[in-house]
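These notes concern the structure reproduced below.
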C-alpha cells in the first residue's frame, strides 16, 4: 500500500507475537481492577433559618415587605460575591443586582415567584441545603416575601460563618508568636 500524498510505501504493523517473539499472554479477568474514586459529598443540611423567622427581625421584615426586589437583588449579589469579603456587605450598591429590576417588573404581573423559585433552587445547590424544586416553587408562590427574607438571612449567616473560618485560620496562636520572636532574635544577633 502506498501513501497518495507522499508516495511512500506504507507497511502493515507486525502481529504481537511476531514483534516481541513470544505468544500473547492469556487474559485473566482477575488481573484488572478498575474503580472510580468517589468524592464524598458533604451531607445536605436544612435551612438554618425558618420560613417565618423574618418576623423575629423587625428590620428584615420591614425591608422585605416594603422593598422585596431590593432584598432579592442584594441576596443575589452577595451570593455571587466571595463569602470571605467582609466589605461586600457594606458597598453602596449592596441592594442592586440585575435581578432587582426583573423581580420588580415581574411582581407587577404576579410572576416574581418564577424568578424567586429558580434563584432559591440555585441558592440551595450552592449552599448545599436540602429541599426540592417543588418546595422552592411553593414557598415563592404562597409566601414569596418570607421566602426572600429567609434566603437573605441564610446568605448572611453563610457569609458570617465563612468570614469567621477565615479569621480563625489567620489568627496567630501564642506558640506562633513565640516562634516569631525567636526567629527575630536570631536575625537581630546576626546583625
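In the UniProt record's numbering, the protein residues as written are 1 to 191.
Glycine included, each C-beta is placed from N, C-alpha and C at the ideal position.
Per DSSP, which residues does residue i bridge with? Please list them.
i	result
residue 129	45
Which word fits residue i, buried or exposed, when buried means at least 16 other C-beta atoms lie within 10 angstroms of its C-beta?
i	result
residue 66	exposed
residue 71	buried
residue 92	With a pLDDT of 49 at residue 92, under the threshold of 50, the predicted position of this residue should be treated as unreliable, though the coordinate-derived value follows. By the 10 Å Cβ count, residue 92 comes out exposed.
residue 80	exposed
residue 155	buried
residue 188	exposed
residue 69	buried
residue 10	exposed
residue 12	exposed
residue 112	buried
Terminal residues of the continuous alpha helix (DSSP H) containing residue i?
i	result
residue 72	68-80
residue 144	144-170
Would residue i and residue j be called neighbours here (beta carbons separated by less than 8 Å)?
i	j	result
residue 143	residue 51	yes
residue 133	residue 121	yes
residue 119	residue 74	no
residue 159	residue 62	no
residue 124	residue 131	yes
With a threshold of 8 Å between beta-carbons, can residue i be considered close to chain B, or not?
i	result
residue 41	Included in the structure is just one protein chain, with no chain B present.
Exercise. Are the segment 146-153 and the segment 40-56 touching, with three or more C-beta to C-beta distances below 8 Å?
Worked result: yes
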